[in-house]
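Chains as they are written, first to last, in our numbering: chain A, -12 to 100; chain B, 9 to 119.
In structure tokens, the structure reads:
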């Protein structure tokens, strides 16, 4: 059971470089999320997609863009990486309607030097 | 503006005793509340949830209590076991809307 798959697991970027974090889910979920986890800051929502073709900003969207390519895939792009974007990034997905929990990927540890 | 608050960054509990993790929220429109557990180098995993129409939900050693008037929920773990040592995140959402997480509480179970 794959669930939510994130690639890559680790990445080191130089300041100013760009990259795309990939996420795919096989649970036929409508909603998908990107969070970042930083020490003492918990899980902060970057972007949210309630369904294919829709995206909404979360708490910390600056410096990021997203694409909901289809129902399965939700990618996060850093156009010009900054050291402040060093973090662990988690993708998650959930169903719609009442009482549905989110399922998380294993995370991408990104370091920007 | 934090909508979900976990004011205790860490908690230490003796093995076999009760662990109580607390969470407060500010948005009265939230109607679904969740607890997640996270081990290092892994993604968070769902633990237990409660709908706003209930005040208690139990699953084995885990019980979540909801006090809507106080905008407060708590997770009780009884008895605490060494494998319960992890970071616990409280989360909340409105119907069909995004899930908002707190900062987490690191639970240490002492032998």
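Cβ atoms here follow ideal geometry from the backbone N, Cα and C, with glycine treated the same way.
Relative to residue 2 of chain A, the option among A:10, A:-9, A:50 and A:33 whose CA is nearest is A:50.
Residue contact check for residue 53 of chain A against chain B: no CB pair falls below 9 Å. Contact between residue 23 of chain B and residue 81 of chain B is ruled out by a C-beta separation of about 24 Å, above the 8 Å threshold. Our two residues, residue 54 of chain A and residue 79 of chain A, have alpha carbons roughly 14 Å apart in a direct line.
For residue 96 of chain A, the enclosing beta strand (DSSP E) starts and ends at 95 to 99. Residue 46 of chain B is bridged by DSSP to B:95.
DSSP places residue 12 of chain A within a strand segment (E or B) once states are collapsed to three.
Under the three-pair Cβ rule at 8 Å, the segment 86 to 100 of chain A does not count as touching the segment 66 to 75 of chain B. Excluding its 5 nearest sequence neighbours in each direction, residue 36 of chain A has C-beta neighbours in its own chain below 6 Å: 19, 42, 55 and 61, listed in chain order. Interface residue (Cβ-Cβ distance to chain B less than 9 Å): residue 74 of chain A is not classified as such. Within the segment 23 to 43 of chain B, those residues whose Cβ lies closer than 9 Å to any Cβ of chain A are, in chain order, 39, 40 and 42.
Taking a C-beta distance under 9 Å as the contact criterion, residue 72 of chain A and residue -4 of chain A do not qualify as a contact pair.
With respect to the C-alpha of residue 43 of chain B, the residue from B:93, B:98 and B:29 having the closest C-alpha is B:98. When DSSP reads this structure, residue 113 of chain B sits in a beta bridge with B:96. Considering only B:89, B:77, B:67 and B:53, the residue with the shortest C-alpha distance to residue 33 of chain B is B:77. Chain-order list of chain B residues neighbouring residue 89 of chain A: 107, by C-beta distance under 7 Å.
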